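K.L.:
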Amino acid sequence: MAMRQTPLTCSGHTRPVVDLAFSGITPYGYFLISACKDGKPMLRQGDTGDWIGTFLGHKGAVWGATLNNEATKAATAAADFTAKVWDAVTGDEVLTLAHKHIVKSVNFTQDSSCLLTGGNDKIIRIYDLNKPEAEPQEITGHTSAIKKALWCNNDTQILSAADDKTVRLWDRNSTEVVKQLSFDMSVSSMEYIPDGEVLVITYGKTIAFYNALSLDMIKTVDAPASIHSASLHPDKDFFVAGGDDFKLYKFDYGTKEELESYKGHFGPVHCVRFSPDGELYASGSEDGTLRLWQTAVGKTYGLWKCVLPDKCVPFQIMSNQ
Amino acid sequence: MRPHVSVLRLPRGPDPNGRGFDPNSPRFIALCPTTISASTETGTDSVQMREEQRARSVLRESFLRTLIAMTNKQVQFHMYERVKVEAKFGASDIDVLNFQVSELHTPIGVQKEALLRCQDVISYSFDL
């Protein structure tokens, strides 16, 4: 008999969770960072959701957070007009990068040597973390606040999404636009999958998949409700999405069929991401919680335990679905 | 009714008393070579290590003693944006992120109880 999904709720934040990111797989497992309007981003163990530490120092809502592949560095973007770089092992603040407006997005290069930032001043900046006092390289062009800026194509190009309803591909060296996509409405989220060069964009009720190099559209899928974020599974067989109706949806990437939907959050879902091993996905919500969901429901992984029928279990959780 | 997947326990939440990043975790121990290393060093290095350790201990102890000496005394704080305030110092939190003060004299009035953000403080002085 098919089991019912038991999401794991990670509490601790006191305001909406607006962004989350996983690290790569490290010798100590993988990690998860969450950005929250309470100004206190948190680091958690990725497969269990166990809290590891809170990065203290921002004086305003944190809108974006990211980890480098090795989970040794973290970066955060906040409403206090700064982006900060942190030591993700000690929790110490390493660098504060002053901006002229709210910072929304931060992203490390593969080797963690450069940090990309973007925000309400409409300018994309590239900071060399080996020379933090040097002026950052600036890329201008967007006519509205930038929501997300990501490195792509082996860190030689940059993808950015802004409230001017465009997604732009930039060349890092020339800082010129290579290609541009225009939409009828603002893009709500963007995810870049280096393996296979796929770009996942959400807007309205649509989840759209593009080739990240050519910006050619691969396919679009419509969900039952307005979607704030989506994530493609590493094996590219499923994708998950969440938004206004508080639910998480799981779709078959090949057939575009809606496979499952899960209730659990008490507010709109703002962000959702698959773990690097694809075994779970994490969602962050207006309700101030993160929830971890199994990709293969019923499998023994992390804190989930596959129980054979007729076996006595000392501790069982019933979710309130 | 379909059974729910069982869980071993719930994810651990934040510690209300600190900011985490357990220095005894395997990851911390492996990735944070402190300047005070417990591993074997060459002769000259370990002498330097011990000297640095001694100096750090002295400085840390002096700092903690100043916090004790400051308790209930009038302290003048010089802060960013040319702000100078005076207050009766109460206590510091464990990570020295906030100072608890009373009767904070500010340009817009006296605040009975307040928390000063330590990162906003440039320097402070008080009479022993």
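Chains as they are written, first to last, in full-length UniProt numbering: chain A, 1 to 321; chain B, 1 to 128. We put the CB at the ideal spot given by N, CA and C, even for glycine. Given the structure is predicted, the values throughout are model-derived calculations rather than measurements.
Assuming residue 31 of chain B is part of the beta strand (DSSP E), what are its boundary residues?
P.N.:
Segment 26–31 is the alpha helix (DSSP H) holding residue 31 of chain B; no beta strand (DSSP E) there.
K.L.:
Can you give me the Cβ contacts of residue 106 of chain B inside the same chain, cut-off strictly under 6 Å, excluding the 5 residues immediately before and after it?
P.N.:
85
K.L.:
When the Cα atoms are used, what is the spatial distance from residue 158 of chain A to residue 190 of chain A?
P.N.:
12 Å
K.L.:
Mind pulling the chain A residues with CB within less than 9 Å of residue 32 of chain B?
P.N.:
For residue 32 of chain B, the neighbours in chain A by C-beta distance under 9 Å run, in chain order, 87, 89, 90.
K.L.:
Are the C-beta atoms of residue 38 of chain B and some chain A residue less than 8 Å apart?
P.N.:
Caution applies to residue 38 of chain B, whose pLDDT of 46 falls short of 50 and renders its modelled position unreliable; the model cannot decide the point.
K.L.:
Which residues does DSSP list as the beta-bridge partners of residue 4 of chain A?
P.N.:
B/4
K.L.:
Are residue 104 of chain B and residue 87 of chain B close, meaning C-beta to C-beta below 8 Å?
P.N.:
yes
K.L.:
Between residue 76 of chain B and chain A, is any beta-carbon pair separated by less than 8 Å?
P.N.:
With a threshold of 8 Å between beta carbons, residue 76 of chain B makes no contact with chain A.
K.L.:
What in chain B is Cβ-close to residue 36 of chain A, meaning under 9 Å?
P.N.:
Chain B residues near residue 36 of chain A: none, gap ~12 Å exceeds 9 Å.
K.L.:
Could you check whether the Cβ of residue 305 of chain A sits closer than 8 Å to any Cβ belonging to chain B?
P.N.:
yes
K.L.:
Find the nearest neighbour of residue 119 of chain B within the set B/125, B/70, B/99, judged by alpha-carbon distance.
P.N.:
B/99
K.L.:
In this structure, does DSSP put residue 186 of chain A in helix, strand or coil?
P.N.:
coil
K.L.:
Under 9 Å between beta-carbons, which chain B residues line up against residue 4 of chain A? List them in chain order, please.
P.N.:
1, 2, 3, 4, 5
K.L.:
Leaving out five residues before and five after residue 29 of chain A in sequence, what residues of the same chain have Cβ atoms less than 8 Å from its Cβ?
P.N.:
45, 46, 47
K.L.:
Could you tell me if residue 2 of chain B is buried or exposed, where buried requires 16 or more neighbouring beta carbons within 10 angstroms of its beta carbon?
P.N.:
Classification for residue 2 of chain B: exposed.
K.L.:
Any idea which residues DSSP pairs residue 49 of chain B with across the strands?
P.N.:
Answer by DSSP bridge pairing: none, since residue 49 of chain B is not bridged.
K.L.:
Give every residue of the same chain whose Cβ lies closer than 7 Å to the Cβ of residue 213 of chain A, excluding the five residues on either side of it in the sequence, and list them in chain order.
P.N.:
153, 197
K.L.:
For the stretch 213–242 of chain A, list the beta strand (DSSP E) runs that are entirely contained and at least 3 residues long, ordered along the chain.
P.N.:
217–222, 227–232
K.L.:
So, helix, strand or coil for residue 56 of chain A, using DSSP?
P.N.:
coil
K.L.:
If we count the other Cβ atoms within 10 Å of its Cβ and call it buried at 16 or more, is residue 56 of chain B buried or exposed?
P.N.:
With fewer than 16 other Cβ atoms within 10 Å, it is exposed.
K.L.:
Using a C-beta cutoff of 8 Å, does residue 119 of chain B count as contacting chain A?
P.N.:
yes
K.L.:
Mind checking which residues open and close the beta strand (DSSP E) that includes residue 271 of chain A?
P.N.:
Start and end: 269–274.
K.L.:
Taking the Cβ atom as the reference point for each residue, do residue 237 of chain A and residue 224 of chain A lie within a distance shorter than 8 Å?
P.N.:
no
K.L.:
By the 10 Å Cβ neighbour count, where 16 or more other Cβ atoms means buried, how is residue 125 of chain A classified, buried or exposed?
P.N.:
buried
K.L.:
Any idea what DSSP makes of residue 145 of chain A, helix, strand or coil?
P.N.:
If DSSP states are grouped into helix, strand and coil, residue 145 of chain A belongs with coil.
K.L.:
Can you give the beta carbon distance from residue 145 of chain A to residue 162 of chain A, rounded, assuming they're within the 8 Å contact cut?
P.N.:
6 Å
K.L.:
With DSSP as the reference, identify every bridge partner of residue 132 of chain B, one or two as the case may be.
P.N.:
Past the boundaries of the shown model lies residue 132 of chain B; chain B is included only from 1 to 128, so the question cannot be answered.
K.L.:
Using a Cβ-Cβ cut-off of 8 Å, state whether residue 48 of chain A counts as contacting chain B.
P.N.:
yes
K.L.:
If you measure between the beta carbons of residue 116 of chain A and residue 129 of chain A, is that distance less than 8 Å?
P.N.:
no
K.L.:
Just how far apart, CA to CA, sit residue 348 of chain A and residue 97 of chain B?
P.N.:
Any property of residue 348 of chain A remains undetermined from this structure, which presents chain A solely from 1 to 321.
K.L.:
Nearest to residue 274 of chain A by CA position, among A/176, A/249, A/123, A/41, is which residue?
P.N.:
A/249
K.L.:
State the start and end residues of the unbroken beta strand (DSSP E) segment that holds residue 78 of chain B.
P.N.:
74–79
K.L.:
In terms of alpha-carbon separation, which member of A/54, A/255, A/199 lies closest to residue 43 of chain A?
P.N.:
A/54
K.L.:
Using a Cβ-Cβ distance cut-off of 8 Å, determine whether residue 10 of chain A contacts chain B.
P.N.:
yes
K.L.:
I need the DSSP call for residue 71 of chain A, collapsed to helix, strand or coil.
P.N.:
Residue state, collapsed to three classes: coil.
K.L.:
Taking C-beta pairs closer than 7 Å, name the residues in chain B that residue 297 of chain A reaches, listed in chain order.
P.N.:
5
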